[in-house]
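Residue numbers (the numbering used here): 21 to 138.
Since the structure comes first, as structure tokens, the remarks are kept for the end.
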């Protein structure tokens with residue numbers, strides 16, 4: 021599975037971005053997919069995840085601001101980010117083929133930079 025993350029950029033605090041994660045594999049729809057972020061000097065943390073059936077879960081820091089969704093016809097998972105804060109600044113990675121606690125994932129996208137200015 022190859023994953024391609026895109027959609028990052030520079031935005032002012034309070035603004036919005038939509039990230040996309042597109043897979044090159046037909047069976048993408050059977051995978052749960054997750055978004056992680058990695059801020060400078062910090063560990064890579066789980067932000068949001070969506071199962072093959074569409075169930076979602078979010079980190080407390082992004083709950084009610086971020087929305088993860090998927091379009092299986094397009095082999096794509098999205099992360100809509102609203103009310104962005106400077107602390108959301110990070111490289112965002114999508115991943116699939118993760119173990120149940122999401123500590124390890126088999127497939128990773130290349131990352132897309134999100135920068136939120138104050």
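Every residue gets a Cβ at the ideal spot worked out from N, C-alpha and C, and that includes glycine.
Problem - DSSP-derived helix/strand/coil call for residue 108 - result: helix
Practice task
Take every Cβ of the stretch 95-111, pair it with every Cβ of the stretch 52-63, and state whether three or more of those distances are shorter than 8 Å.
Solution key: yes
Exercise for the section: Please go through the same chain and pick out, in chain order, the residues whose beta-carbon is closer than 7 Å to the beta-carbon of residue 135, but skip the five residues on each side of it. Expected result: 30 and 109
Practice task
Using three-state DSSP, classify residue 53 as helix, strand or coil.
Solution key: strand
Exercise for the section: Using only alpha-carbon positions, find the residue among 33, 35, 83 and 53 that is nearest to residue 124. Expected result: 53
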